[in-house]
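Asks: The following block contains the structure, expressed as structure tokens.
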Ligand code: MN
């Protein structure tokens with residue numbers, strides 16, 4: 001795994017030379033400030049802030065937000081000087097780092113009736129949505145390395161992730177990170193059901209992965225023929241925790257879950273969306289009653305797309 005400043009810079013779309021230099025400076029600053037500090041895993045602490053910054057860049061955030069990601073633990077954990085951060089990286093970056101530090105003090109204690117107010121407190125304290133994004137990226141890496149944390153802390157952190165962080169990511173319309181956070185927390189929060197769902201879903205997921213690749217190929221060819229251009233596609237397998245939530249409503253019958261695998265087609269205009277739907281339905285027979293038009297009727301978090309099952 002490479003972790004140079006340039007590996008980070010090339011992930012930030014359209015970055016100016018001046019900002020790239022600033023990212024390089026923040027990289028060196030963070031490396032220096034965390035020198036000699038290790039994570040529970042034994043790896044250098046710097047790896048954590050680097051991975052956090054990378055995730056922020058992949059979310060498509062600005063250079064300043066990525067820089068704040070590199071610096072997010074420098075005041076709290078290493079006592080870096082606020083004045084120095086302001087001088088070298090500007091008032092805005094200092095504001096973001098301070099915001100992340102403040103958020104770190106909000107703790108989930110396991111009283112479930114407070115969960116809703118905790119989410120609200122979290123969003124209110126952050127003041128700026130970028131602070132929340134940094135915190136989500138920070139939490140994602142902490143969850144990926146949760147197995148190294150002392151056992152008595154694991155469950156609290158996983159519960160907090162499930163009850164506070166994942167729902168906030170969902171509210172922001174960040175579906176992929178919602179699923180990732182839930183899947184990382186799942187085995188710690190409810191080990192028995194995690195194992196149960198894994199055993200049910202894994203064979204299905206493997207089989208679906210194969211047919212999806214085939215369908216994808218056919219579809220791309222057909223869209224070209226129909227002159228639908230600038231198409232971006234990807235496919236995903238449903239996250240384990242999301243399968244679990246559905247299984248609970250379907251008597252744990254895996255064959256009643258139709259969206260274990262999904263193909264996503266992104267096109268430039270709304271009318272293209274409906275044309276793609278037409279192409280899909282002419283190639284494969286749709287399942288009756290499973291077409292959902294979230295373009296005409298958006299979901300509460302603003303999500304818009306068309307779903308169909310074939
Ligand atoms: Mn951190």
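Residue numbers (our numbering): 1 to 310.
All C-beta atoms in this analysis are idealised placements derived from N, C-alpha and C, irrespective of residue type, glycine included.
This one's a predicted model, so the numbers in the text were calculated from it and none came from an experiment.
(1) Along the alpha helix (DSSP H) that carries residue 33, what are the first and last residues, could you check?
(2) Within 10 Å of its beta-carbon, does residue 197 have 16 or more other beta-carbons around it, so buried, or fewer, so exposed?
(3) Would you check whether ligand 1 has a heavy atom nearer than 7 Å to the C-beta of residue 52?
(4) Excluding sequence positions up to five away, which residues of its chain have a Cβ less than 8 Å from the Cβ of residue 139?
(5) Can you list, in chain order, every residue whose CB sits closer than 5 Å to a heavy atom of ligand 1?
(6) Going by DSSP, what residues sit across from residue 306 in a beta bridge?
(7) Should residue 23 and residue 56 be called a contact, given that it needs their Cβ atoms to be closer than 8 Å?
(8) Which residue wins for smallest C-alpha separation from residue 136, given the options 155, 151, 309, 171?
(9) Alpha helix (DSSP H) containing residue 81: first to last residue?
(10) For the alpha helix (DSSP H) that contains residue 126, what are its first and last residues?
(11) Could you give the C-beta distance for residue 132 and residue 159, rounded to a whole number, given that I count them as a contact under 8 Å?
(12) Are the beta-carbon atoms belonging to residue 283 and residue 222 less than 8 Å from one another?
(13) Beta strand (DSSP E) containing residue 188: first to last residue?
(14) Would residue 194 and residue 187 qualify as a contact pair, given that the criterion is a beta-carbon distance under 8 Å?
(15) How should residue 192 be labelled, buried or exposed, when 16 other C-beta atoms within 10 angstroms of its C-beta is the threshold for buried?
(16) Starting from residue 232, follow the beta strand (DSSP E) in both directions and report where the run begins and ends.
(17) Can you give the Cα-Cα distance for residue 307 and residue 185, rounded to whole angstroms?
Replies: Put simply:
(1) Looking up residue 33 in the chain shown gives position 33. Its alpha helix (DSSP H) spans residues 17–33.
(2) Numbered from 1 along the chain shown, position 197 holds the residue referred to as residue 197. Buried is the call here.
(3) Stepping through the chain shown from its first residue, residue 52 is reached at position 52. For residue 52, the Cβ falls inside the 7 Å cut-off from some heavy atom of ligand 1.
(4) The sequence position of residue 139 within the chain shown is 139, counting from 1. Cβ-Cβ distances below 8 Å link residue 139 to 161, 165, 181 in the same chain, with the five nearest sequence neighbours on each side left out; the list follows chain order.
(5) 73, 138
(6) Counted from its first residue, the chain shown places residue 306 at position 306. 293.
(7) For the purposes of this step, residue 23 is taken as the residue at position 23 of the chain shown. For the purposes of this step, residue 56 is taken as the residue at position 56 of the chain shown. Remark: C-beta atoms of residue 23 and residue 56 do not approach each other more closely than 8 Å.
(8) Counted from its first residue, the chain shown places residue 136 at position 136. Considering only alpha carbons, the answer is 171.
(9) In the chain shown, residue 81 corresponds to position 81, counting from 1. Careful: residue 81 lies outside any alpha helix (DSSP H) and carries neither H nor E.
(10) Working through the chain shown from its first residue, we reach residue 126 at position 126. Note, residue 126: alpha helix (DSSP H), 115–126.
(11) For the purposes of this step, residue 132 is identified with residue 132 of the chain shown, where counting begins at 1. For the purposes of this step, residue 159 is identified with residue 159 of the chain shown, where counting begins at 1. Between residue 159 and residue 132 the Cβ distance is about 19 Å, and since that is not below 8 Å, they are no contact.
(12) Counted from its first residue, the chain shown places residue 283 at position 283. Counted from its first residue, the chain shown places residue 222 at position 222. Yes, they are a contact pair.
(13) Taking the first residue of the chain shown as 1, we reach residue 188 at position 188. Taken as a continuous stretch (DSSP letters only), residue 188 belongs to no beta strand (DSSP E), being part of the alpha helix (DSSP H) at 175–189.
(14) Residue 194 sits at position 194 when you count from the first residue of the chain shown. Residue 187 sits at position 187 when you count from the first residue of the chain shown. The answer is yes: Cβ separation under 8 Å.
(15) Locating residue 192 in the chain shown gives position 192, where the first residue counts as 1. By the 10 Å Cβ count, residue 192 comes out exposed.
(16) Residue mapping note: residue 232 aligns to position 232 of the chain shown, counting from 1. Here the beta strand (DSSP E) through residue 232 covers 232–237.
(17) Here residue 307 corresponds to residue number 307 of the chain shown, with the count starting at 1. Here residue 185 corresponds to residue number 185 of the chain shown, with the count starting at 1. Cα to Cα, the separation comes out at about 28 Å.
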